[in-house]
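Undergrad: Following this message is one structure expressed as structure tokens.
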Amino acid sequence: MKKLIFFLFLSISQITFAQQKSTLPKGLVYLTDYIPHIALDLKYFTNHNFVGKQIDGYKANKVILTQRATLAIQKIEKELNKEGLGLKVFDAYRPQTAVNHFKRWAKDVKDTLMRQEFYPQVDKRDLFKKGFIASKSGHSRGSTIDLTIIDLKTKKELDMGVAFDFFGEESGHGYQKLHTTQKQNRIKLKKIMEKYGFRAYSKEWWHYTLNNEPFKDKYFDFHIN
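See the structure below:
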């Protein structure tokens, strides 16, 4: 009887797991199903971001991407691993719910909790105008990713000059006032991302979108669970 109950429990657990997997829209996958060891640090799942609190729609430290983008990232990770390097992902698929949270935050000009760290030289009211935040984000299409390179032994991020989500000219690919190593690190990331079909966003060294993204006009709004 106990064995029967155990097998029933196991079967139900497997069915539940399969149902959870199937909740993603067709064409979207969990990145760690393809690259189990990849480093994840979803800033919007934490309080350490430009808003200063967990963002609506981010309910787990999980990365979701289109399968097409995932397969490209898999190739990039494999190539970097040969050099003792790897990727760390800060953000990928982003629900429209989260974008709406950013919009509400931006309208509250008195909320400048994280200004010193993330936008010290930019007026909060100009973040949309300057292109640091969008009312409709390419992330919501599932083929845009924010990431950096890490040393696999130390787990430390390579020096890119400024951190992820720093809103300022220093984050742009055209910014020249960087040390040689910082420039080389940005170029390394850009070259390998472009090699496997991604294009850079000029204002953010960490932001890349797959060229042949499958959902060019689709903005998803399911939560990250």
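Residues -18 to -1, 1 to 207 (mature numbering (1 follows the signal peptide of the UniProt record, and there is no 0)) make up the sequence shown, in order.
Backbone N, C-alpha and C define an ideal beta-carbon position, used for all residues, glycine too.
Since the structure is predicted, the reported quantities are computational estimates derived from the model, not experimental observations.
Using only the alpha-carbon positions, how far apart do Glu195 and Val45 sit?
TA: Cα to Cα, Glu195 sits roughly 17 Å from Val45.
Undergrad: Apart from the five residues on each side of it in sequence, which residues of its chain come closer than 8 Å, Cβ to Cβ, to Leu47?
TA: Leu10, Val11, Leu13, Ile55, Ala74, Tyr75, Gly124, Ser125, Ile127, listed in sequence order.
Undergrad: With distance defined between alpha-carbon atoms, name the residue in Ile132, Phe180, Trp187 nearest to Ser153.
TA: Closest option to Ser153, Cα to Cα, is Trp187.
Undergrad: Check each candidate in Thr5, Lys118, Lys35 and name the one with the smallest Cα separation from Tyr26.
TA: Ranking Thr5, Lys118, Lys35 by Cα distance to Tyr26 puts Lys35 first.
Undergrad: Are Phe110 and Phe32 close, meaning C-beta to C-beta below 8 Å?
TA: Taking 8 Å as the Cβ cut-off, Phe110 and Phe32 do not qualify as a contacting pair.
Undergrad: State whether the stretch 17 to 24 contacts the stretch 76 to 91, with contact taken as three or more CB pairs (one from each stretch) at a distance under 8 Å.
TA: Contact fails: fewer than three Cβ-Cβ distances are below 8 Å.
Undergrad: Can you tell me whether Leu53 is helix, strand or coil according to DSSP?
TA: Helix, per DSSP.
Undergrad: With three or more beta-carbon pairs closer than 8 Å as the criterion, would you say the stretch 162 to 182 touches the stretch 136 to 146?
TA: A contact exists between the stretch 162 to 182 and the stretch 136 to 146.
Undergrad: With DSSP as the reference, label Leu192 as helix, strand or coil.
TA: Strand.
Undergrad: DSSP beta-bridge partners for Asp73?
TA: Per DSSP, Asp128.
Undergrad: Which term fits His205, buried or exposed, when burial requires 16 or more other beta carbons within 10 angstroms of its beta carbon?
TA: So His205 ends up on the exposed side.
Undergrad: Could you tell me which of Asn29, Lys89, His189 sits nearest to Phe146, measuring between CA atoms?
TA: That would be His189, whose Cα lies nearest to the Cα of Phe146.
Undergrad: Report the residue ranges of all beta strand (DSSP E) runs contained in full by the stretch 127 to 157; include only those spanning at least 3 residues, in chain order.
TA: The stretch 127 to 157 contains no whole beta strand (DSSP E) run of 3 or more residues.
Undergrad: Do Leu134 and Phe72 count as a contact pair if the criterion is CB distance below 8 Å?
TA: No.
Undergrad: Measure the C-alpha to C-alpha separation of Glu61 and Gly150 and round it to an integer number of angstroms.
TA: Taking the straight line from one Cα to the other gives about 31 Å.
Undergrad: In chain order, what residues of the same chain have a beta carbon less than 8 Å from the beta carbon of Ala182, not counting five sequence neighbours either side?
TA: Closer than 8 Å at the Cβ level, and outside the excluded window around Ala182, lie His155, Lys172, Met175, Glu176, His189, Tyr190.
Undergrad: Return the chain-ordered list of same chain residues with a C-beta closer than 6 Å to the C-beta of Ser122, the five sequence neighbours on each side being excluded.
TA: The residues are Arg76, Gln78, Tyr201, Phe202.
Undergrad: Please list, in chain order, all residues of the same chain as Asp38 whose beta carbon is under 8 Å from its beta carbon, the five residues on each side excluded.
TA: For Asp38, where only same-chain residues beyond five positions count, the Cβ hits under 8 Å are Pro77, Thr79, Ala80, Asn82, His83.
Undergrad: Less than 8 Å between the beta carbons of Lys70 and Asp23, yes or no?
TA: Yes, the Cβ-Cβ distance between Lys70 and Asp23 is below 8 Å.
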